[in-house]
Amino acid sequence: MATDQSVDSVKVRMYRHGFGDCFLLSFFHDQDRVFTMLIDCGIKHNTSSVDVPIEDVIADLTQVLTPEGGNKPHVDVLVATHEHWDHISFFHPTRSPDYFAAFEIGQVWLAWTENPRDKEAVAINSRLRQGAAALHIAAVKLAEAEPAHAGQDSGTARERSATATARASFNKSMDDVLGFYGVTALRKVSQSGIKYKTNGEISGMTQQAIENIVKLGQKGGGIKYFLPGTTVDKQLVPPGVNIFVLGPPKSSLINQSNPRGGHSKETYLGIDNTGLTSFIDGMVKFGAAPGKQTGQDPASPFGDEVGIEPKAAAKESYFKETYFARDEQYRQIEYNWLDIAGQLALQLDGAINNTSLVLAIELAGSGKVLLFPGDAQVGSWLSWHSHEWKVKNGARTETRTAEDLLKNTVLYKVSHHGSHNATVREKGLEMMKHPDLVALIPEKEDSYNGILYEPLMTRLNEMCKGRVLVSADVNHTPEQLMKKRPEGVSVKEWNEFKQNVIVDRVYVEYTVRS
Ligand SMILES: [Zn+2]
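In this note's numbering, the protein residues as written are 212 to 725.
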């Protein structure tokens with residue numbers, strides 16, 4: 212219900228520290244900042260920003276969030292959308308200074324997929340982590356295999372060079388994909404390259420970052436896990452604001468990363484039909500057997516009786532046919548590995564993106580919506596359309612459909628850094644018909660072989676009439692954008708837009724007015 216204290220504008224600050232999400236939302240009534248929300252804070256693994264060091268981002272957050280006369284920055288809600296390094300790395304307690312320990316956190320909001328009391332969530336997460344571990348072990352084994360086999364490569368020089376090229380490109384994409392999980396840096400922790408906890412869970416760095424976020428919530432005002440199709444309790448949001456939870460789906464759609472009809476498998480980690488299950492199981496067991504003949508590896512998640520020694524692994528059918536098949540051409544074996552690991556990497560990546568908490572933030576006065584989908588991919592987008600959200604407006608109960616919310620979207624935080632499979636066309640972007648539509652893309656050039664999908668960028672520019680703000684890509688700078696009115700936007704619209712944008716070295720800020 213609109214009251215005198217209703218929120219009438221939201222300032223959205225997109226930080227420019229590199230490839231990764233970090234958004235500060237400040238909700239205003241008049242000149243008063245009445246509510247703040249931080250959505251994610253991370254950077255792609257093994258990258259750092261020269262132009263905008265994270266310290267500058269933290270300094271800005273500290274400055275904005277420290278109340279007058281107060282001595283500690285305070286944020287009302289911290290949202291962590293999903294477990295990828297480029298979204299939560301700066302919450303890791305030891306990889307960098309524990310920046311957020313100095314912050315007061317009102318509440319932490321997470322997706323149901325992070326809820327330790329949700330059996331389905333626990334199953335999904337343990338499988339995803341095993342998958343990441345399997346990939347990592349595969350990468351290490353592949354790298355180890357090289358010197359032993361170097362002299363065995365047969366074929367012409369040209370064929371050998373093709374093998375080397377394939378391997379280099381595999382290693383590059385493996386680094387990229389594992390970079391999302393922050394697993395690679397654990398290489399030195401144990402012989403198998405993964406840090407194991409004594410209770411048998413595989414611990415990647417993103418998991419440690421999430422655990423630290425949970426701690427911040429426990430220290431502050433607690434943690435909320437959200438289910439799709441729900442409306443956030445009015446008590447938790449400022450007056451004049453409704454927040455709807457769109458994803459992650461609590462259905463098999465969580466498994467769909469790519470458009471139907473594509474060549475990619477749609478099933479969750481391809482579990483029954485691609486052989487990836489045995490690959491994951493085999494790899495994890497293989498990696499758990501460090502080759503020691505006596506004693507228990509303290510780093511192993513399994514007892515000695517469970518881990519498979521390489522000698523025993525050689526008898527298992529999967530490995531017999533691949534890794535240990537000496538009579539096969541080494542190169543064929545390698546291609547086999549590259550192929551299966553590549554499939555797994557892509558599916559794993561999409562599966563984790565689909566666990567993104569998706570929020571639609573509505574300003575009740577005008578119905579305008581700010582859409583923050585994290586990195587949600589196709590299945591999540593499609594699932595939104597199976598819900599209807601209830602919202603109290605005075606004595607009346609109103610409903611919203613996904614189409615309503617998309618139609619009223621005036622600010623779209625582009626999902627998954629503008630990739631090819633994370634903005635759905637007909638049931639997504641094409642429904643965003645509001646004349647004020649503006650897009651924000653947190654992205655940096657040359658990441659993931661150019662993740663920013665040009666056809667999507669073209670359509671975004673059409674739908675937004677050129678009002679597309681990109682955080683850190685030298686090919687699409689906001690400085691350049693602001694210099695000249697794009698074709699298709701009227702002088703009036705352009706002037707309004709310019710009044711609502713601040714381009715700073717550290718951030719780009721856009722104000723949505725109700
Ligand atoms: Zn991301």
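Just so you know, even glycine gets a beta-carbon here, dropped at the ideal spot from N, CA and C.
Beta strand (DSSP E) segment containing residue i, residue limits
i: Lys624; result: 620-624
i: Asn453; result: 452-458
i: Thr722; result: 718-724
i: Leu648; result: Unbroken run through Leu648: none, as it is neither H nor E.
i: Ser682; result: 679-683
Bounding residues of the alpha helix (DSSP H) (the contiguous stretch that carries residue i)
i: His256; result: That residue, His256, is in no alpha helix (DSSP H); it is neither H nor E in DSSP.
i: Leu427; result: 416-430
i: Ile269; result: 265-276
i: Thr739; result: The requested residue 739 is not part of the displayed model; the chain covers only 212 to 725.
i: Asp586; result: Asp586 -> no alpha helix (DSSP H), and no H or E assigned at all.
i: Lys694; result: 689-694
i: Leu671; result: 665-674
Three-state secondary structure (DSSP) of residue i
i: Arg227; result: coil
i: Asn604; result: strand
i: Asn326; result: coil
i: Ala571; result: strand
i: Phe246; result: strand
i: Pro653; result: strand
i: Gln216; result: coil
i: Leu581; result: strand
i: Ser159; result: Since the first residue of the chain shown is 212 and the last is 725, residue 159 is not available in this structure.
i: Ala349; result: helix
i: Arg636; result: coil
i: Thr292; result: coil
i: Lys709; result: helix
i: Phe437; result: strand
i: Glu315; result: strand
i: His628; result: helix
i: Asp444; result: coil
i: Lys222; result: strand
i: Val714; result: strand
i: Glu609; result: strand
i: Asp262; result: coil
i: His285; result: strand
i: Glu599; result: strand
i: Asp251; result: strand
6 Å CB neighbourhood of residue i in its chain, flanking five on each side removed
i: Leu663; result: Gly629, Glu654
i: His687; result: Val681
i: Glu640; result: It is Leu, not Glu, that sits at residue 640 in the sequence shown. Contacts found: Thr634.
i: Val602; result: Thr442, Asn453, Glu609
i: Ala650; result: Tyr623, Val625, Leu671, Cys675, Val679
i: Arg724; result: Ser220
i: Phe490; result: Ile551
i: Ala613; result: Trp595, His596
i: Phe238; result: Val218, Val221, Val245, Phe246, Pro449
i: Pro689; result: Leu680, Val714, Val719
i: Ile421; result: Glu294
i: Pro304; result: Asn423
i: Ile652; result: Val625, Gly629, Val681
Whole-number beta carbon distance between residue j and residue i, since they are thought to touch under 8 Å
i: Pro284; j: Phe314; result: 5 Å
i: Val288; j: Met248; result: 4 Å
i: Asp297; j: Gly342; result: At roughly 18 Å, the Cβ-Cβ gap does not stay under 8 Å, so Asp297 and Gly342 are not in contact.
i: Phe455; j: Leu616; result: 6 Å
i: Lys579; j: Asn604; result: At roughly 15 Å, the Cβ-Cβ gap does not stay under 8 Å, so Lys579 and Asn604 are not in contact.
i: Val319; j: Gly428; result: 3 Å
i: Val218; j: Pro449; result: 5 Å
i: Phe230; j: Ala683; result: 7 Å
i: Val263; j: Leu235; result: Val263 to Leu235, Cβ: 14 Å. No contact.
Own chain residues within Cβ distance below 7 Å of residue i, not counting five before or after
i: Gly339; result: The sequence given here has Leu at residue 339, not Gly. Once the five neighbours on either side are set aside, the close Cβ partners of Leu339 are Leu559, Ala562, Ile563.
i: Tyr718; result: Arg224, Met225, Tyr226, Arg227, Asp271
i: Gln504; result: Because Gln504 carries a pLDDT of 32, less than 50, the predicted location of this residue cannot be relied on, and the following value inherits that uncertainty. Within the same chain, Gln504 has no close Cβ partners at all.
i: Lys644; result: Lys618
Own chain, CB closer than 8 Å to residue i, minus 5 neighbours either side, in chain order
i: Ala322; result: Thr292, His293, Tyr436, Phe437, Gly458, Pro459, Thr566, Ser567, Leu568
Indicate whether the contact test is met: 3 or more Cβ pairs, each with one atom in the region 630-646 and one in the region 582-589, closer than 8 Å. yes
For the region 252-259 and the region 694-714, state whether three or more C-beta atom pairs, one from each stretch, are separated by less than 8 Å. no
Cβ contact check for the region 302-316 and the region 552-564: 3 or more pairs under 8 Å: no
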